[in-house]
Amino acid sequence: MDDHLDSESDAIWAERKLYVPRINEGWHKAIVKDVEQKVNQLTPWGYKDNAILTFQVGDISLKRWCTLSLSKRSTLYSIVSTILGQDPGNRYNLKGLIGKACEVFVSHQRSDTGDVYERIKEVRAVRAGK
Numbered sequence: 504m505d506d507h508l509d510s511e512s513d514a515i516w517a518e519r520k521l522y523v524p525r526i527n528e529g530w531h532k533a534i535v536k537d538v539e540q541k542v543n544q545l546t547p548w549g550y551k552d553n554a555i556l557t558f559q560v561g562d563i564s565l566k567r568w569c570t571l572s573l574s575k576r577s578t579l580y581s582i583v584s585t586i587l588g589q590d591p592g593n594r595y596n597l598k599g600l601i602g603k604a605c606e607v608f609v610s611h612q613r614s615d616t617g618d619v620y621e622r623i624k625e626v627r628a629v630r631a632g633k
């Protein structure tokens, strides 16, 4: 053993901690907390601009990445039109979603390293009576 590693007080320990989900799978009430734009991000479909929607579920923030497109087949279009309750048209300022209520379906996804992360799979309008 090296002399400079003999002292426990000089040690710097690194350890691997498994990520444990903070929220159960299923539907949860949420509020859109923030929207960010990331330009020219590498995706499986090439370089795309992305929107990152942050949803507040209780005291937990969850992010959902989407391609920054309002094509009627896009995930972003589905989320925006669901939250607004109408077609957002050809152009919409995503900052207008901030503060809007919705429900999100959270699932758990296991990574290659064995960690389990929360993932927003679906967004729906707040159901009547909820």
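For the sequence shown, our numbering gives the first residue as 504, with consecutive numbering after it. For each residue, glycine too, the CB sits at the ideal point set by N, CA and C. Given the structure is predicted, the values throughout are model-derived calculations rather than measurements.
Would you mind reading off the limits of the beta strand (DSSP E) that contains residue i?
| i | result |
| --- | --- |
| residue 564 | 563-570 |
| residue 584 | First-last for residue 584: 578-587, but that is the alpha helix (DSSP H), not the beta strand (DSSP E). |
| residue 607 | 604-613 |
| residue 623 | 619-627 |
Per DSSP, what are the beta-bridge partners of residue i in this structure?
| i | result |
| --- | --- |
| residue 550 | 545 |
| residue 556 | 538 and 567 |
| residue 530 | 608 |
By Cβ distance below 6 Å, which residues in the same chain neighbour residue i in space, the five residues on each side in sequence not counted?
| i | result |
| --- | --- |
| residue 555 | 539, 566 and 568 |
| residue 504 | Unreliable positioning characterises residue 504 in this predicted model, as indicated by a pLDDT of 46, which lies under 50. The coordinate reading is nonetheless provided below. The answer is none, since no qualifying residue turns up. |
| residue 612 | 620 and 622 |
Just to confirm, is the Cβ distance from residue i to residue j under 7 Å?
| i | j | result |
| --- | --- | --- |
| residue 535 | residue 587 | no |
| residue 627 | residue 585 | yes |
| residue 526 | residue 606 | no |
| residue 618 | residue 521 | yes |
| residue 629 | residue 604 | yes |
| residue 598 | residue 608 | no |
For the candidate residues the options, whose alpha-carbon lies nearest to that of residue i?
| i | options | result |
| --- | --- | --- |
| residue 542 | 570, 615, 580 and 602 | 570 |
| residue 528 | 553, 610, 623 and 564 | 610 |
| residue 562 | 549, 515, 532 and 595 | 532 |
| residue 572 | 602, 530 and 593 | 593 |
| residue 602 | 613, 581 and 560 | 560 |
Just to confirm my understanding: we take residue i, look at its own chain, exclude 5 residues before and 5 after, and list those with CB closer than 8 Å. What are they?
| i | result |
| --- | --- |
| residue 523 | 619 |
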